[in-house]
Each structure stands twice: as C-alpha cells, then as structure tokens.
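Chains as they are written, first to last, in numbering that gives the first Met the number 0: chain A, 0 to 360; chain B, 0 to 552. Heads up, the beta-carbon is just placed ideally off N, CA and C, and yes, glycines get one too. The structure appears below as structure tokens.
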Amino acid sequence: MSHTVSIREVIKKFGDFTAVDKISIEINQGEFFTLLGPSGCGKTTLLRAIAGFNKMDGGEIAFSGSVINNVPAHKRDIGMVFQNYAIFPHMTVKENIAYGLKAKKVPRPEIERRTEEALEMVQIAPLKDRKPSELSGGQQQRVALARAFVIEPRVLLMDEPLSNLDAKLRVQMRTTIKKLQRTLGITTIYVTHDQEEALAVSDRIAVMKDGHIMQVGSPEEVYRRPANRFVAGFIGTSNFIDCEAKTEGSETTLRISSDYGVKVKTKRPIDGPAVIAGRPEQLFFSDGEGIPGEITISTFLGDFVEYEILTESGQTLQLNEYTKDVGSVRPDGQKVHLRFDPKAISLIDPKTEEVISDFGG
Amino acid sequence: MKTKGLDKKPRDIWSLMKIIIFVVILLSIVWPLSTIVFRSVTNKFGEFTFENFGKFFSHQYYFNVLENTMFVAGWTTVISVVLGVWIAYVLSRYDFKCKRILNMLIILSLMSPPFIGAYSWILLFGRSGWVTTAAYNWFGWTLPTIYGKWGIVSVFICKMFPYVYLFTSSALGSIDSSLEEAAENLGASKWRRMLSVTFPVVSPSILAGAVLVFMSAVSDFGTPMLIGENYKVLATLVYEQYMSEIGTSSNFASAVSMIVIALCAILLLAQKWYLNRKNYNMTCMRPPAPVKLSWGKRIVMLLPVLLVVLIALLPQIVVVVTSFKNCNGPYFVEGWSLNSYQMIFTRMVRAIKNTYSFSLIAIVFMVVIGSITAYITVRKRSFTTGVIDILLMIPYVIPGAVMGLALIIAFNRAPFYWAGTAIIMILCYTIRKIPYTVRSASGFLQQMELSVEEASINLGVSPGKTFFKITLPLMLPGVVSGAILSWIETINELSSSIMLYTGKTITMSVAIYNEVARNSFGTAAAMASILTLSAVIMLIVFNKVSKGRVSIV
Ligand SMILES: Nc1ncnc2c1ncn2[C@@H]1O[C@H](COP(=O)(O)OP(=O)(O)O)[C@@H](O)[C@H]1O
Ligand SMILES: [Mg+2]
Numbered sequence: 000m001s002h003t004v005s006i007r008e009v010i011k012k013f014g015d016f017t018a019v020d021k022i023s024i025e026i027n028q029g030e031f032f033t034l035l036g037p038s039g040c041g042k043t044t045l046l047r048a049i050a051g052f053n054k055m056d057g058g059e060i061a062f063s064g065s066v067i068n069n070v071p072a073h074k075r076d077i078g079m080v081f082q083n084y085a086i087f088p089h090m091t092v093k094e095n096i097a098y099g100l101k102a103k104k105v106p107r108p109e110i111e112r113r114t115e116e117a118l119e120m121v122q123i124a125p126l127k128d129r130k131p132s133e134l135s136g137g138q139q140q141r142v143a144l145a146r147a148f149v150i151e152p153r154v155l156l157m158d159e160p161l162s163n164l165d166a167k168l169r170v171q172m173r174t175t176i177k178k179l180q181r182t183l184g185i186t187t188i189y190v191t192h193d194q195e196e197a198l199a200v201s202d203r204i205a206v207m208k209d210g211h212i213m214q215v216g217s218p219e220e221v222y223r224r225p226a227n228r229f230v231a232g233f234i235g236t237s238n239f240i241d242c243e244a245k246t247e248g249s250e251t252t253l254r255i256s257s258d259y260g261v262k263v264k265t266k267r268p269i270d271g272p273a274v275i276a277g278r279p280e281q282l283f284f285s286d287g288e289g290i291p292g293e294i295t296i297s298t299f300l301g302d303f304v305e306y307e308i309l310t311e312s313g314q315t316l317q318l319n320e321y322t323k324d325v326g327s328v329r330p331d332g333q334k335v336h337l338r339f340d341p342k343a344i345s346l347i348d349p350k351t352e353e354v355i356s357d358f359g360g
Numbered sequence: 000m001k002t003k004g005l006d007k008k009p010r011d012i013w014s015l016m017k018i019i020i021f022v023v024i025l026l027s028i029v030w031p032l033s034t035i036v037f038r039s040v041t042n043k044f045g046e047f048t049f050e051n052f053g054k055f056f057s058h059q060y061y062f063n064v065l066e067n068t069m070f071v072a073g074w075t076t077v078i079s080v081v082l083g084v085w086i087a088y089v090l091s092r093y094d095f096k097c098k099r100i101l102n103m104l105i106i107l108s109l110m111s112p113p114f115i116g117a118y119s120w121i122l123l124f125g126r127s128g129w130v131t132t133a134a135y136n137w138f139g140w141t142l143p144t145i146y147g148k149w150g151i152v153s154v155f156i157c158k159m160f161p162y163v164y165l166f167t168s169s170a171l172g173s174i175d176s177s178l179e180e181a182a183e184n185l186g187a188s189k190w191r192r193m194l195s196v197t198f199p200v201v202s203p204s205i206l207a208g209a210v211l212v213f214m215s216a217v218s219d220f221g222t223p224m225l226i227g228e229n230y231k232v233l234a235t236l237v238y239e240q241y242m243s244e245i246g247t248s249s250n251f252a253s254a255v256s257m258i259v260i261a262l263c264a265i266l267l268l269a270q271k272w273y274l275n276r277k278n279y280n281m282t283c284m285r286p287p288a289p290v291k292l293s294w295g296k297r298i299v300m301l302l303p304v305l306l307v308v309l310i311a312l313l314p315q316i317v318v319v320v321t322s323f324k325n326c327n328g329p330y331f332v333e334g335w336s337l338n339s340y341q342m343i344f345t346r347m348v349r350a351i352k353n354t355y356s357f358s359l360i361a362i363v364f365m366v367v368i369g370s371i372t373a374y375i376t377v378r379k380r381s382f383t384t385g386v387i388d389i390l391l392m393i394p395y396v397i398p399g400a401v402m403g404l405a406l407i408i409a410f411n412r413a414p415f416y417w418a419g420t421a422i423i424m425i426l427c428y429t430i431r432k433i434p435y436t437v438r439s440a441s442g443f444l445q446q447m448e449l450s451v452e453e454a455s456i457n458l459g460v461s462p463g464k465t466f467f468k469i470t471l472p473l474m475l476p477g478v479v480s481g482a483i484l485s486w487i488e489t490i491n492e493l494s495s496s497i498m499l500y501t502g503k504t505i506t507m508s509v510a511i512y513n514e515v516a517r518n519s520f521g522t523a524a525a526m527a528s529i530l531t532l533s534a535v536i537m538l539i540v541f542n543k544v545s546k547g548r549v550s551i552v
C-alpha cells in the first residue's frame, strides 16, 4: 500500500543560506506529484530530505501520518531514481535490479520472478546480463527505474531523471514513466526544471522558487490560473502588458492604450498601474479597437503560426494563431491591432506580484 | 516551531574511525616528530638551549654541508625539469609506437633502489670502473672523476627526472585541445603558443614535479654516501651525527633534522603560494591528438629521448648483468655463473626474508588504514579529516633519515621499547609509504559518484553494509594500485632503514648498501636484481589493475 506524504514546515540550511524555507505540502496516496522550479531553487534538497540523505534544520516529514524524521535512509522504504542514474558499475543489469530485493531478504524464486517482470516492464529484458558500461543513456535510465520500483516502495522519488537524455528519448521516456506510475499506483515525487515535462506527467505540480513554494495545483490550474507573476512567466509563455487599473464597484477597468480598455473582475480593489499576463494563444488580431503594433517577424510552425509584434508603446508581444482557424499567414511589417479575452488573462498587482484576478472559483 | 536536533547525526562507525586514525597518527607521527623538535632545542641534560643551532651556523664545515645540499638539489632540479618537460612534450604530442614501453621504462628508473644508480656508476666510471679503465687503456684518456658533487647530481637526475616527466605528461594530457586550437586560430606561432598557452597551464604540474625532485634530492641518503666521498650533504650529516652520538642524546642530529624539515616546509609553502595565485581548473574535454611525423623527423625527435631513457636505465642493466658475473672477492673475473645468487641465498637469507615479510605486513596495515582514511577524507569531510590529510603527508615529505631518527628517539623508552625490533621498521614503512595508497584510493573515490552509495542505502542496505558491498569493490582497484606503489617503495627504502636496523632486522636495501661499502659487488648486484625484478613484476600488475587511472606520483 503506498503512502501519503506530509511535508510540514521543512527547513534546510547550508550555513547561513536557507535552501528550503518552511515548505509544507500534502501529497495524496498514489499521486504523481512534481516539484518544478528553476535550477538552484531547492528541489533536490527537499527530495533528499524526504529520502533521508539530508539532515533537516526544522519541520517534519510524515508518511501516512507517522513522522519519519528519525528513520534512517535505508529503512524508509523509498525508491529513488537519481539524476545520473547511479547504477552500480560492477554489477550486471539484472544484479542491479535484484540488489534491493536481496537486501530485503526476499526468497530467491520471487527475486527471480520480480526481476524478470521489472525487466519486461521497462523493456530491457534482452540486456539483463550486460554491464552498465555497455548500455546507452536511455537504457541505463531504464535500469535505474526498474531498480527503484522493483522493491515496491511506498514512495518513489525521481530527481530530474530525464535531464541527461536527448530530446526525443526524453518525450518517449516520460510517457513510459507516467504509464508505469499509473500501473503501479506508487505515490511519486518527481523533480524537474522543465515546465513542459512537468505539465505532461503530473497530477499536481508545486512550483518552487528560492526555497519557497509559489503555487500548488494541477497542470491546468498552474497554467491557466497562475498565482503570481513568477508562475505566469515560468510555466508556458506569457506576455506581460502594462495597464492602468481602476476598481469601481464590482468591476475593474483596465486601460491598455488610449482607445483600448477592458473590464475584469478582481479579488480586491486596485487603483493604479497593473500588469496583464496573457498567453500567446489568448491574444487575437482585432479589426477594430486594440493595442496598436506592427508584426516584426512571423514563424510558420505547421499547426500554428507564431507572430512577434512590436507595440507602439515599445513592448514585444507574442501571439499564436492556429493554422486551422485562419486562412493565411500575415506578412511581416503589417500594422495590426491586438486584443484579448478578458476572462482568460491574469491581472497582476505589481506591488505584490500576485495575481488578483477573480476567476470565479 | 523549530524541531531542531530531530535528525541528530547518529554516532556512526565512521566517527569512531576518525578518532582511531587521528590517535594513531598522533602517536606514530606527531609525537616522534615533536621529540625531535624538543631534542633540537635542548642539551643532553634536557635544558633549553639554542646551542645546537648555534653550532650548526657557526661552523664553516656545517654551513658548507648546507651549501652542498642546496647545490646538488638545485642543479638536479633544474636539469630534471628540462629533461622531464622536454620528454613529456615529445612523447605526448607526437605519435610513436614505442610510447607505452618508454613510459614504463621511465617509471622503472624511478622505482629503482635509490643507491643502485650510484653503485652502477662507480662500476662504470669509478676509479677502476670499466669505462674509465677502457678509456685509459685504449685511448689514453683520463675521464673526469665521478666522485663528488657532479657524480651525485648525475645519479640524481637519472633517477628523479621521471617525477617531472610524469607530472608534466599528465598535465599535457589534460589540456583541452580547443585551448591550443583557439590560440592557433588567433594566429599564434607554434613557439608562442607553447609559451603563452601550453606552458602556463602545465606550470603548476611542472612545479609540483620540481618540488618533489628537490625534496628527494635533499633526502636521498645512499647516493651521496656512496659516490660523494668527502662531499657531505644534510642527509648524510644527520646519519653521521646520529652514529657518532649513539649512546648520547642526539641533540645535534635533531637540530640538523629540524633544518632539513624547515627547508622542505619552505619549499612546500612556496609551491602552495604559487598554486593559489594561479589556479587553472582544467576539466578535460578532448585531449589533443598526437601528431604523426615523417620517419626522418621521428628519428630526430625520438633518438635523444631514447638516449636519455637508456642512460637512466643503465644502472639497472649494469646491475642485472653483473649479478651473473663471476666474482673473486671485490673483483669481477672472467665467466658467468649464479654464484652471487647462491651466496645471497645462503648468507643473506635473513635480509631477503625480512624485506618481504616486513613489507607485506606493512602493506596490510597500509591497505586497511589507507582505505579507511581515503573514505573518511573524501566522504566524511570535516575539520578532523583535513588535519588527518595533512599529517599523513608529513612522513612522506620528510627525509627518511629524519623520520628514522624521530622514531628511534620516541620509541626507545617506556612504554615502547621498540628500537631494534621489527615493529619499529614496519611502523616506519607504514607511515612513510602509506600516502601512495591513500592518494590512489581517494582518487578512485572522488571519481565515483556519491549517489551510487546513496542508491544502495536507498534500496534498504545500511551504510555499513553499503561500504562493503558497493564502495569497497569500486574503490579496490585504486587501493590495490596504490598498495603496489607503496610496496615497491617499501622494499627499496634505505634512508630510514639504515637508521633503524639491527643485525636481526636487516633488510635487502641495507644489505646491498653494506655489501657495496665492503666492495662486495656481486652479491649487491644479485640482491638489487631481485628488488628490480620484484618492482617490474608489480609494475606490470599495477598497469593491469589501474588501467591508467592512477598516477604514479
Ligand atoms: N551540500 C551543499 N552545500 C551548500 N549549498 C548547497 C548544497 N547543496 C545544495 N546547496 C545549495 O542549495 C540550493 C538549492 O540546491 P538544490 O536543491 O540542488 O537545487 P535544485 O535541485 O533545485 O537545482 C542551491 O543554491 C545550492 O547551491
Ligand atoms: Mg537538482
């Protein structure tokens, strides 16, 4: 049975530097949970605290309700896939995978059966007698994966498992990992700095920055409803457009240019400069009113066209248009007006950098 | 809500190991050396005084000895650097078939008993040497004398230029070729490129080699003793003073030792200072490919190198050849036989037995202590392990005669009456030669990713078991390679052995020295050949085990 994982106000310091600053997360049973953030934000540090390799400076971690702070790493019943795979170089593929089962004193026939099963699941059965030095990066990755889940751990940790693979293999492997996780139902904590990867595999994502959690939510939530400017910029692409906001009654008016303004709902009143975050696919060319600008470059990418537009106020914006929705590609240099769907944008209060749009629950 | 101390570090086996090793080092290294310091600033009644140092600096004789030491060590270093850098450059930049063999031969000349060179040169160029006699008989030439300072320098160079060679070639091999290519793209000529790009990058390695050469030249005892005749250096002075002070309290010998130690310390500090100023951190991506040369050029380039290597190896060749010659007392006579071998196996069995048994016991200690030390200094870094790391290098850089003296003084009183026992010999070998094992093992560990061990722990194997199942097997080639080097150095060790031995604990190197001193060249050659053969065999094993991943120096 796999665990729920509770991370409560965990602190980890290196000298004066706080790498993980009072982080709290609740992870559900069987969930595929991802820690996402730029390099150096403390993802690995937190993961290693869960694995028991890092001594914490505060807080507690509990598996299914029982605190494990004092349980040594080798008794935590966790599987871990390391960034550099950490395959035992002096053992064959099969010995690598069987290692954890032997340590658990599983009976021989069962070791044999489970090892074979694991080899099949990651599709490396023909390679079982090879030494790690005779494997490609992708194959080593599969060994590392099999070795971690064959012991049927109650929690599976993965630290940037795909970062050393080439782009194509990465996409292929992430599907493998996701399917495997679904089949086995192991609570999984996955670390990556690649937002696209995080969106693709996760049930929920915690976006991290400088040792803090910025937002926890489903891929769709963090993409559509970013909690703050950092998340809006880090996940996907966002255009940040300056505007003047003024709340009157239950409505806030955003004035973007002299002839273009929209009305939105906000969680709290605002009066003064504000920033609109809008996705490239949520900007549209307008026949009438809108932000005036000029197409500087258009890139035809098959299923959609990517336009770069320089507005009259000097901002560069990106607009994506699906090929199937429109007739032809607009030429560079064309004068255009842009508008957006007020319900799809996020309004950011520049003082707190928080998103204050009211998406209505 | 701070829950500090929740994951308090458990008192594990490694903290205990740290303490044990630290205590062992304090007892076997720090304490003996501190007795030398103490003796050097006291008189024989134990009263504090600087008169020992005063004596050294006020007598022209002793001052000359210091000068002599600087002279030999200085010239040896300069010429070794020139030879070593040149050969390293030629061998690493041009493509020769015989590269591996040459490399091996150069290492072999490094791994010979220290005074074999001196002895062979006497055989060849000494007063009644073969070459001297032949030159006089055939051409009527009188060759310059081999005895004295230039003889010492020549022998030293042949034995020590390999240090510079080894350091420089490893540095040259780790220059990323893009660096030199960039310089070439910028239009730098070949010479400019070498001076402005290649040289500065390898200079720390050259310096390291040079420092090692200088210190070895200062410490070497056998060569100046045999070939120096009246030309005294510090290492021989320590020995002589100790011998003449036997029964007294060896205060003056201690003072001389302190001066030698100071010399080495200054040198090491200077090196460190230079390295701190210049820090090129090379992560080797793509070492430059060796250039193929035409036959003519190849011969021009290679011939001088071959010549140098041959001269450096000459002593060993002479030794092996003469070991099969018939002898009549001190004279070689017509004909070949195994008489010399018969003689040593009947008369000097004890020395042979002692050499191999002492060195094997010492190796066991070195392997056990060395692996643990390597592990804690790499994986369990702390202030203590930093101190252990430094302390452990001391006996390696301090001349053997000094270390020997320190051990005798320290372990010739309650509770350790160890003078003249095998224990003190084994102790001395262990602390003097263990750095090879430690460095090689920690080199392997550093290349091994920490996560491999963590993966094992993560899979449910306790840290202690992980050490035996994962760490040790992976570290083993490093330990074995290092132990082989330690062993070769141990069986060749003369300078400390000669201070510590008695009739019962005599070793081959001491016996060879004694035989040479008694002009019994045949038996000396036979024993030296056995040592050389042992070294060759172990070097071959070393190459197999280390697969080029362990540096000799
Ligand atoms: N052992 C350590 N000693 C000192 N600082 C560390 C150590 N490990 C990590 N850090 C620092 O903590 C921060 C977070 O590191 P890490 O968790 O590895 O980041 P991420 O995995 O998100 O890239 C970084 O700034 C890093 O420099
Ligand atoms: Mg990381």
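Between the CA atoms of residue j and residue i - distance to the nearest angstrom
i, j, result
"residue 202 (chain B)", "residue 216 (chain B)", "21 Å"
"residue 178 (chain A)", "residue 47 (chain A)", "25 Å"
"residue 329 (chain B)", "residue 25 (chain B)", "46 Å"
"residue 447 (chain B)", "residue 100 (chain B)", "29 Å"
"residue 360 (chain B)", "residue 269 (chain B)", "36 Å"
"residue 443 (chain B)", "residue 296 (chain B)", "39 Å"
"residue 8 (chain A)", "residue 211 (chain A)", "11 Å"
"residue 1 (chain B)", "residue 25 (chain A)", "Low local confidence applies: a pLDDT of 37 at residue 1 (chain B) is under 50, so the model's placement there is unreliable, with the coordinate-based value given in what follows. C-alpha separation (whole angstroms): 19 Å."
"residue 244 (chain A)", "residue 348 (chain A)", "9 Å"
Neighbourhood of residue i by C-beta distance below 6 Å, restricted to the same chain and skipping five residues each side
i, result
"residue 403 (chain B)", "495, 498 and 499"
"residue 342 (chain B)", "522"
"residue 334 (chain A)", "293"
Test: residue i CB closer than 7 Å to a CB of chain A
i, result
"residue 377 (chain B)", "no"
"residue 476 (chain B)", "no"
"residue 545 (chain B)", "no"
"residue 472 (chain B)", "yes"
"residue 456 (chain B)", "yes"
"residue 453 (chain B)", "yes"
Chain B within 7 Å of residue i, Cβ atoms only
i, result
"residue 79 (chain A)", "yes"
"residue 73 (chain A)", "yes"
"residue 277 (chain A)", "no"
"residue 163 (chain A)", "no"
"residue 95 (chain A)", "no"
"residue 189 (chain A)", "no"
Delimiting residues of the beta strand (DSSP E) encompassing residue i
i, result
"residue 335 (chain B)", "330-335"
Per DSSP, the bridge partner or partners of residue i
i, result
"residue 341 (chain A)", "Answer by DSSP bridge pairing: none, since residue 341 (chain A) is not bridged."
"residue 361 (chain A)", "No answer is possible for residue 361 (chain A): the residues shown for chain A start at 0 and end at 360."
"residue 76 (chain A)", "Answer is none; residue 76 (chain A) lacks a bridge partner."
Alpha helix (DSSP H) segment containing residue i, residue limits
i, result
"residue 362 (chain A)", "No answer is possible for residue 362 (chain A): the residues shown for chain A start at 0 and end at 360."
"residue 157 (chain B)", "148-172"
"residue 111 (chain A)", "107-120"
"residue 507 (chain B)", "507-516"
"residue 263 (chain B)", "250-276"
Contact set for residue i: own chain, Cβ-Cβ below 7 Å, skip 5 residues either direction
i, result
"residue 465 (chain B)", "452, 455 and 456"
"residue 479 (chain B)", "544"
"residue 519 (chain B)", "329"
Contacts around residue i, its chain only, beta-carbon distance under 8 Å, and the 5 residues preceding and following it disregarded
i, result
"residue 361 (chain A)", "Because chain A is modelled from 0 through 360, residue 361 (chain A) falls outside the range shown and cannot be assessed."
"residue 121 (chain A)", "141, 142, 144, 145, 175 and 179"
"residue 71 (chain A)", "51"
Beta carbon proximity, residue i to chain C, threshold 7 Å
i, result
"residue 459 (chain B)", "In the structure shown, chain C does not exist; the protein chains are A and B."
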